[in-house]
Amino acid sequence: MPYKLVDPSILSELHPGDRITADLLADQRTADPADGFTNARLTHIVITAQAKPDYKPTVQYHVPTPGDQVPNFALLNQSNHLIHLDDFHGKVVLLTFIYTRCALADFCPRMSRNFAQLDRQLSADPTLLANTHLLSVSFDPTYDTPAVLRSYGGAYTGQYTKERFLHWDFAAPPLKELPQITQFFDVGVTPDKSTLTHSMSTVVIGKDGKILTWYPTNDWSPADLLATVKTAIAS
Numbered sequence: 000m001p002y003k004l005v006d007p008s009i010l011s012e013l014h015p016g017d018r019i020t021a022d023l024l025a026d027q028r029t030a031d032p033a034d035g036f037t038n039a040r041l042t043h044i045v046i047t048a049q050a051k052p053d054y055k056p057t058v059q060y061h062v063p064t065p066g067d068q069v070p071n072f073a074l075l076n077q078s079n080h081l082i083h084l085d086d087f088h089g090k091v092v093l094l095t096f097i098y099t100r101c102a103l104a105d106f107c108p109r110m111s112r113n114f115a116q117l118d119r120q121l122s123a124d125p126t127l128l129a130n131t132h133l134l135s136v137s138f139d140p141t142y143d144t145p146a147v148l149r150s151y152g153g154a155y156t157g158q159y160t161k162e163r164f165l166h167w168d169f170a171a172p173p174l175k176e177l178p179q180i181t182q183f184f185d186v187g188v189t190p191d192k193s194t195l196t197h198s199m200s201t202v203v204i205g206k207d208g209k210i211l212t213w214y215p216t217n218d219w220s221p222a223d224l225l226a227t228v229k230t231a232i233a234s
């Protein structure tokens, strides 16, 4: 079916047969969900595969697939410590992308609320706590300094200045390495005035450092990730 585009200018970058990821927005007809939706439209479009052979995109995005080995990306966390993904080898890592200035409730704030719920659920079970780690990665390293990430993270854990960040890190890659990590996890980011227009990406990484599950939208629940974690730890 045809869809409207929130930003029609994207048409200049699209070609018949291209593969894309996008967020589908729609308006509820009435207060009753059974009445359906209207005004379907696409936003946050990211081209994942080009169909036109003579078109050479400036950026190549990788589509995360179960079994893919995750590179040992470096990140600066809320405690101003340089960490690497390999630091968590042997644990199941739940990783999502955010930026602290995001004002859209269904985007970064929703990811952080979901992770806060997961953090509480995992912390309630000593086995799950010992075998998991949460990682919220900002794609806005210029603004999201360690101090900003510490304040943001403490607010979502509910511990504020008392938070020790032993189970959940908030971190950002060095600016020069930002393209590598966003492209690997298929995160499209476009500056838009004082905000960033972006796609979404949440992954569960196994104890061996390979991707178990990837969610390219906000259409997942803490229960989805919790079930994947339990299976991964038990295996």
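Residue numbers (numbering that gives the first Met the number 0): 0 to 234. A virtual CB, placed ideally from N, CA and C, is assigned to each residue, including glycine. Being a predicted model, the structure only gives us computed values, none of them experimental.
- Counting only runs of 4 or more residues that sit fully inside the stretch 107-168, the alpha helix (DSSP H) segments are 107-122, 125-129, 145-156, in chain order.
- Where Q59 is concerned, there is no enclosing beta strand (DSSP E), because DSSP gives it neither an H nor an E.
- Between Q68 and K206 the beta-carbon gap is near 13 Å, outside 8 Å, which marks them as no contact.
- In this chain, the alpha helix (DSSP H) harbouring F183 covers 177-183.
- Note: R18 is bridge-paired with A48 in the DSSP secondary-structure output.
- Between the stretch 61-77 and the stretch 105-117 there are fewer than three C-beta pairs closer than 8 Å, too few to call the two in contact.
- The Cβ atoms of Q120 and L225 lie closer than 8 Å to each other.
- Across the structure, T144 and A171 are spaced so that their CA atoms are roughly 8 Å apart.
- Distance check between T212 and each of F184, Q59, T189 places F184 closest, using alpha-carbon atoms only.
- Around the beta carbon of S111, a 10 Å sphere encloses 16 or more other beta carbons of the protein chains shown; the residue is thus reported as buried.
- Apart from sequence neighbours up to five positions away, the residues of its chain that approach H132 with a beta-carbon distance below 6 Å are F87, K90, V92, ordered along the chain.
- DSSP, reduced to helix, strand and coil, places P190 within a strand of the structure shown.
- A Cβ-Cβ separation of about 15 Å leaves P221 out of contact with M199 under the 8 Å criterion.
- Only exposed fits S234, as fewer than 16 other CB atoms lie within 10 angstroms of its CB.
- In the displayed model, V69 falls within coil according to three-state DSSP, outside both helix and strand.
- Annotation for I232: the continuous alpha helix (DSSP H) segment containing it runs 221-233.
- By alpha-carbon distance to A25, the top candidate from I19, F169, E12, L41 is L41.
- Of all alpha-carbon atoms in T37, A146, Y2, I46, the one lying nearest the alpha-carbon of L13 is that of I46.
- Sixteen is the threshold: when 16 or more other Cβ atoms of the shown chains lie within 10 Å of the Cβ of T156, as they do, the residue is buried.
- Spatial neighbours of V5 in its own chain (CB-CB distance under 8 Å, excluding positions within 5 residues in sequence) are listed in chain order as L24, R40, L41, T42.
- Membership of Y214 in the beta strand (DSSP E) is indicated by the continuous run 210-214.
- Taking C-beta atoms as the reference points, A21 and I44 count as a pair closer than 8 Å.
- Non-local beta-carbon contacts of C101 in its own chain, meaning distances under 7 Å to residues more than five positions away in sequence, involve C107, P108 in chain order.
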